[in-house]
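Numbering of the sequence shown is given in the UniProt record's numbering, commencing with residue 1 and proceeding in unit increments.
A short write-up of the structure that comes next.
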Amino acid sequence: MLDGEHAPNDVTTLIPQLMALKGSASAPVVRVPTNEPVIIKRMLDIGFYNFLIPFVETQEEAARAVASTRYPPEGIRGVSVSHRANMFGTVPDYFAQSNKNITIIVQIESQLGVDNVDAIAATEGVDGIFVGPSDLAAALGHLGNASHPDVQQTIQHIFARAKAHGKPCGILAPVEADARRYLEWGATFVAVGSDLGAFRASTQKLADTFKK
1 MLDGEHAPND
11 VTTLIPQLMA
21 LKGSASAPVV
31 RVPTNEPVII
41 KRMLDIGFYN
51 FLIPFVETQE
61 EAARAVASTR
71 YPPEGIRGVS
81 VSHRANMFGT
91 VPDYFAQSNK
101 NITIIVQIES
111 QLGVDNVDAI
121 AATEGVDGIF
131 VGPSDLAAAL
141 GHLGNASHPD
151 VQQTIQHIFA
161 RAKAHGKPCG
171 ILAPVEADAR
181 RYLEWGATFV
191 AVGSDLGAFR
201 ASTQKLADTF
211 KK
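Printed below as a string of structure tokens:
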């Protein structure tokens with residue numbers, strides 16, 4: 001997942017990352033900074049087709065995210081005839097195929113989102129649900145404590161409702177015990193680390209070794 005919400009990424013920094021991933025076994029997912037059609041359009045035009053949409057609270061917001069990735073009449077995506085995603089106008093069936101090749105995962109990370117989880121999961125074009133545990137904990141009154149029983153119970157509820165609608169559900173869990181528990185609860189995919197986390201752990205280990 002390439003992050004545009006909390007990380008300092010934009011179009012100019014994401015293109016080289018897409019280039020680095022080309023030909024690999026990994027399918028790039030971009031988390032956009034907000035559920036905004038113009039931002040999503042720019043990500044589509046540079047070549048993303050898998051999206052993580054943060055802070056979705058209602059079915060209407062989920063439907064807006066889906067519409068932002070589809071050309072008319074299915075959606076509202078603006079049309080450019082020449083961009084990176086269609087090899088600058090050289091892919092003849094790009095417009096015919098583009099709407100079929102999009103994946104939308106929406107993040108639930110507020111009480112309103114939890115209240116509307118069934119409607120969000122049932123939205124046509126929403127392919128999966130992702131739990132933002134830190135923001136969810138803050139929204140439930142437990143800032144900095146995603147392990148609080150109230151938060152954990154809510155996470156389990158979201159997993160169950162996503163499963164009831166036949167939608168895969170994921171979560172961020174850099175602690176192994178948390179990741180294994182979420183998998184036992186039915187999480188389909190778990191983000192178990194980040195480049196920053198791996199770099200910090202490695203440098204801390206190195207520093208600790210030579211400070212002894």
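Don't be surprised by glycine CBs; every beta carbon is placed ideally from N, CA and C.
query: Simplified DSSP assignment, three categories, for residue 215; result: One cannot answer for residue 215 here, as it falls past the ends of the chain, which runs 1 to 212.
query: With 16 other Cβ atoms within 10 Å as the buried cut-off, status of R161; result: buried
query: Length of the line joining the Cα atoms of K100 and D135; result: 31 Å
query: Per-residue DSSP class, three states only, for A146; result: coil
query: Beta bridge counterpart(s) of F130 as assigned by DSSP; result: Q107, G170
query: Within 8 Å, strictly: CB atoms of I102 and L52; result: no
query: 8 Å Cβ cutoff met for R31 and D10; result: no
query: Length of the line joining the Cα atoms of M87 and A146; result: 43 Å
query: Host beta strand (DSSP E) of V190 (start-end); result: 189-191
query: Close-in-space but distant-in-sequence residues of the same chain around Q111 (CB under 8 Å, 5 per side omitted); result: A139, L140
query: Residue environment, V200, which counts as buried when at least 16 other CB atoms sit within 10 Å; result: The sequence shown places Arg at residue 200, not Val. So R200 counts as exposed.
query: Collapsed DSSP secondary structure at L14 in the structure displayed; result: helix
query: N99 (DSSP reduced to helix, strand or coil); result: helix
query: Own chain, CB closer than 7 Å to A85, minus 5 neighbours either side, in chain order; result: L44, D45, I46, G47
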